[in-house]
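What follows is a short report on a single structure.
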Amino acid sequence: MSAQARPSQLFKNLNAKIASIPMILTALVVFVGGTFWTILYSFTDSKLLPRLRFVGLDQYERLWSAPRWLTSIENLLIYGILSLIFSLVIGFLLAALLDQKIRFEDTFRTIFLYPFALSFIVTGLVWQWILNPDFGVQKVVRSLGFDSFVFDPLYNSDIVIYGILIAGLWQGTGLIMCLMLAGLRGIDEDIWKAARVDGIPMWKTYLFIVIPMMRPVFITTLVIIASGIVKLYDLVVAQTGGGPGIASEVPAKYVYDFMFRAQNLGQGFAGSTMMLLSVAIVIIPWAYLEFGGKKRV
Amino acid sequence: MASVSIRNLDLSFGSVNVLKNLDLDIEKGEFLVLLGSSGCGKSTLLNCIAGLLDVSAGQIFISDKNVTWEEPKDRGIGMVFQSYALYPQMSVEGNLAFGLKNAKVPKDEIATRIKRAAEVLHIEPLLQRKPSQLSGGQRQRVAIGRALVRDVDVFLFDEPLSNLDAKLRAELRVELKRLHRQLENTTMIYVTHDQIEALTLADRIAIMKEGSIQQLADPHTIYNKPTNLFVAGFIGSPSINLIDGSIENDKAPVFNCSSGTINLKSYEFAAPVNAGKAVLGVRPEHVATGAAARALSFNTEVVIDVVEPMGSDTLIWTTLGADEFRFRVGGQTNLAPGETVLIGFDPAAASLFDHETELRL
Amino acid sequence: MSDPTLSSAGAAATVGSPGLVSGPAGPRPRRRFSRRNIFLYGTLFVIAVYYLLPLYVMVVTSLKGMPEVRLGNIFSPPVEITFEPWVKAWSEACTGLNCDGLSRGFWNSVRITVPSVILSIAIASINGYALANWRFKGSETFFVILIFGAFIPYQVMLYPIVILLREIGLYGTLWGLVIVHSIFGMPILTLLFRNYFTSLPEELFKAARVDGAGFWGIYFRIMVPMSLPIFVVAMILQITGIWNDFLFGVVYTKPDIYPMTVQLNNIVNSVQGVKEYNVNMAATILTGLVPLVVYFVSGKLFVRGIAAGAVKG
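So the sequences go chain by chain: B, P and R.
Read in order, the letters of the first sequence correspond to residues 9 to 305 in my numbering.
Read in order, the letters of the second sequence correspond to residues -18 to 342 in my numbering.
Read in order, the letters of the third sequence correspond to residues -1 to 311 in my numbering.
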């Protein structure tokens, strides 16, 4: 023990603190600061430039009476719910198929996952081309003799969001499959043996034993899909540009357009705050369930 | 005929032969333990009997029925796993009932069987709980119960106690033994790497190494008359003393080693005596000291190297000729390192092995 | 090739071994074309075709001339293979502003991706190292904020960052975008490195400290050399992520330094001129090529990366 006074707490571990400055700045200034800044300015009438003239909830009232925003929300809900269901179901089924000790497992996995390496822009453009009624699937089927066959989701306002969904699922299910496969591989081998000795058919083992055991995997996957859905933007820009008309608009695009095109920052901020709110509704209960009692993150 | 018969069983994964031309007959009501270190094929053999692994060649009979191609559920077996393998989202009762419901057993029959199993295993108060709310010992009881309700003649245990702590393991061991006695005519096949479990539980032990059975006999024979050097060294803790030397057979057989000549008159030879290099195995507890040693046919003086008191007894380390030598004395000994002590043993209790073939002589 | 688990064996009763009784012996009889296998591989094959179809369509379309595209079937292979669309996409395609093709976007993306990958990994690995081995008061709090930040929609932070970049004079520049990528890559990469460094034996760190090594000494001489696989995983994650980015490229750069994805979208979705679908598809493949190559080369590491990166969403 030395007789010297303890060095100040501030300088303890100084190098680590200096090295963490980028992280601290990002966490505090960008994430916390930026979020509060946006929320704050969503109550102002900022137009081309942000300014602090508060107008209460005006921006939100305008937002929720704008047909374009309402369409965006409706699209996001349809896309979100269907993409959740289909991603989980298809992802799990693919994982279950790959888990049957098959040959060429690596090849199949590589094929199912490669779209995930592609950007949404590339994905959107490919599917724009395949779904093009003059050249794509519709034309091919018609040329087979079905002259009245109609399949033009990207040109029909009523179903355009389903056309985007097709592309989104093609791009994203591989990831879900990988997560599910990792979950399946994590199941104790003895469980399968016990079920076989008990004479439980495979589908029942999946349904009543394995899937309930994979609850944490499903929840994590759900959160991942959900937080990804809110960010849906590039795909729409590439595939339809929001059209026909405003039929495939989504909130992220609404926000971008109002911030950087329509020079109506206040609307953009209000829209993005609503997006934040919707994410919070998903994340906070999950974080509470997942990390509630425990201190670990 | 036997309860479980295995004939010419082979199992290979690719080019690796895990089980080699294995034959085994297990009597009805017998408690057979498959003992060996990890990778010896004991669990693989159990999985083959259960039908969880496809054999490469050979046949398996259970209760006189050729089940080689049968599904596990049709073999008349129940199985208990090391990791318990309980269905975590179902209650204890659900775990016990699930297989029966699938087999379309009538409801009241299921209830009766669960009630009986719960009584036998003392898990009645736990029936409504989830496995995650149970202790390790309770979980393993439930796992045994799941095998019990299947109402089968053959139970397979795959290292069922290995995940438990030492105290619980000892408790459940006794309970398993009691259970076996209670369920008359129930055959149990039990895989373990723990020799204490094997010696305490088994009617017969099959010691396995590299996919074949080294010795199949009752615990007493396995311990006292090991059939080869591997078995002798594997069983017993502290392990057996091995002394290199050679047998000479002029008028009467003797064993010559660096510490003298040992008269083998009292040794029961398994085969006609041949002179040649051999290894003598002496269990540490078959060594006498002091006055008791003087009365034995072989005795010699040794210097004590290390004393290890273990409570109920004490282990003494010395050297005998060129070999390290351990022997066991009572817990209250006053022997100390550096002292000279007279030790002796009776060759009748020892084991002789051929130096080349490592087989018992 | 015969696979032992699939081949039809089970005629072992004929191998007259003395101990065997007649009746079933050896492995269960299994047909290579059992109903289960037909269903299993059939389903997998159909799905695989579905997943591969867009890639196939892209490639065949890009190899056809425009007349053939107009008349033919998008699924039919090209009658006359031409590489002209590729050349045009690379060096002549118009974005509305200029007509020097995707090459400009490609090089912009390279110039954005390389420093972004290096900077973001450098920052995140040091963060992770500090969080794993040199915890200080509050370090975990910052980390938790960082992880929750990963879930905040980018749109919420877009404009505040515009202001920040404008303040430091980097708005609209390449370096501004590099900083943005480093910021948004930070949560997931920090998590990745923190978890990896935590999994390394702590004794190693302690031994190095006893030997007198400091913060940077341990980082450069012990942690980095021991963590090459995780650095590769991080690189895969970042190269594909940054290359595929569209939103940040659009928001934080000016047209002359637009990354490839933005330029691609401008080329394909520009309203002027005649649509040249073959050129569009060639341009699309060109843009997807870098991440695809990274994906096919890295294989299992990519899977590991996305499994680790899954938290990012």
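Beta carbons: idealized from backbone N, C-alpha and C, even for Gly.
Is it the case that the Cβ atoms of residue i and residue j are separated by a distance below 8 Å?
i, j, result
"T124(B)", "G180(B)", "First, the amino acid is wrong: residue 124(B) is Phe here, not Thr. Yes, the pair counts as a contact, with Cβ atoms nearer than the cut-off."
"D160(B)", "P141(B)", "yes"
"T248(B)", "L162(B)", "yes"
"I291(B)", "F191(R)", "no"
"R307(P)", "N205(P)", "no"
"G318(R)", "F182(R)", "Residue 318(R) lies beyond the range of chain R shown here (-1 to 311); nothing can be said about it."
"E74(P)", "L108(P)", "yes"
"V322(P)", "T270(P)", "yes"
"L81(P)", "R94(P)", "yes"
"T167(P)", "D134(P)", "yes"
"G311(P)", "G292(P)", "no"
Taking all protein chains shown into account, decide if residue i is buried (16 or more other Cβ within 10 angstroms of its Cβ) or exposed.
i, result
"M169(P)", "buried"
"T139(R)", "exposed"
"E257(B)", "buried"
"H201(P)", "exposed"
"V(-1)(P)", "buried"
"E274(R)", "buried"
"G153(B)", "exposed"
"C97(R)", "exposed"
"Q271(B)", "exposed"
"K232(P)", "exposed"
"S24(P)", "buried"
Output yes if chain B places a C-beta closer than 8 Å to the C-beta of residue i; else output no.
i, result
"K54(P)", "yes"
"P265(P)", "no"
"Y171(P)", "no"
"M221(R)", "no"
"A183(P)", "no"
"P207(P)", "no"
"A128(R)", "yes"
Chain P beta carbons: is any one of them nearer than 8 Å to that of residue i?
i, result
"A202(B)", "yes"
"L18(R)", "yes"
"A11(B)", "Interpretation of A11(B) is limited by its pLDDT of 49, a score under 50 that renders its predicted location unreliable; no figure is taken from the coordinates."
"K212(B)", "yes"
"M221(B)", "yes"
"A23(R)", "yes"
Are any of the Cβ atoms in chain R nearer than 8 Å to that of residue i?
i, result
"G57(P)", "no"
"Q67(B)", "no"
"V305(B)", "Confidence in V305(B) is poor, its pLDDT being 38 and thus under 50, which makes the residue's placement unreliable; the coordinate value appears in the next sentence. For V305(B), the answer is yes, since a Cβ of chain R falls inside 8 Å of its Cβ."
"V238(B)", "yes"
"D327(P)", "no"
"L192(B)", "no"
"A(-17)(P)", "no"
"G192(P)", "no"
Compare the Cα-Cα distances from residue i to each of the options and report the closest residue.
i, options, result
"T338(P)", "A124(P), I224(P), R110(P) and V260(P)", "V260(P)"
"E197(B)", "G292(P), G226(P) and L67(P)", "L67(P)"
"N264(R)", "P25(R), L42(R), F43(R) and R102(R)", "R102(R)"
"N83(B)", "M210(B), L173(B) and V38(B)", "L173(B)"
"T281(B)", "A260(B), Y296(B) and A270(B)", "A260(B)"
"V288(P)", "L333(P), I297(P) and T167(P)", "I297(P)"
"V178(R)", "P223(R), Y217(R), Q236(R) and I228(R)", "Q236(R)"
"A289(R)", "V108(R), N131(R) and P27(R)", "Here residue 289(R) turns out to be Pro, not Ala, going by the sequence shown. Answer by Cα proximity: V108(R)."
"E178(P)", "T49(P), P141(P) and F250(P)", "P141(P)"
"F120(B)", "K109(B), A103(B), V130(B) and R61(B)", "A103(B)"
"D199(P)", "T181(P), D4(P) and H336(P)", "T181(P)"
"V58(R)", "W137(B), I47(B) and M222(B)", "W137(B)"
"K96(P)", "C238(P), F334(P), L316(P) and V130(P)", "V130(P)"
"N276(R)", "K204(R), K86(R) and T251(R)", "K86(R)"
"I116(R)", "V230(R), S197(R), L287(R) and L284(R)", "V230(R)"
4-residue-minimum alpha helix (DSSP H) runs that sit fully inside the segment 78 to 126 of chain B, ordered along the chain | Residue ranges of uninterrupted alpha helix (DSSP H) with 4 or more members, entirely inside the segment 78 to 126 of chain B and ordered along the chain, are 113 to 125.
Alpha helix (DSSP H) runs wholly inside the segment 159 to 198 of chain B, at least 4 long, in chain order = Fully enclosed alpha helix (DSSP H) runs of 4 or longer: 168 to 193.
If you scan the segment 182 to 269 of chain P from start to end, which runs of the alpha helix (DSSP H) of 4 or more residues do you find wholly inside it?
-> Correct list: 200 to 205 and 210 to 215.
Could you pull out every unbroken beta strand (DSSP E) segment of at least 3 residues lying fully inside the segment 75 to 139 of chain R, listed in chain order?
-> The segment 75 to 139 of chain R contains no whole beta strand (DSSP E) run of 3 or more residues.
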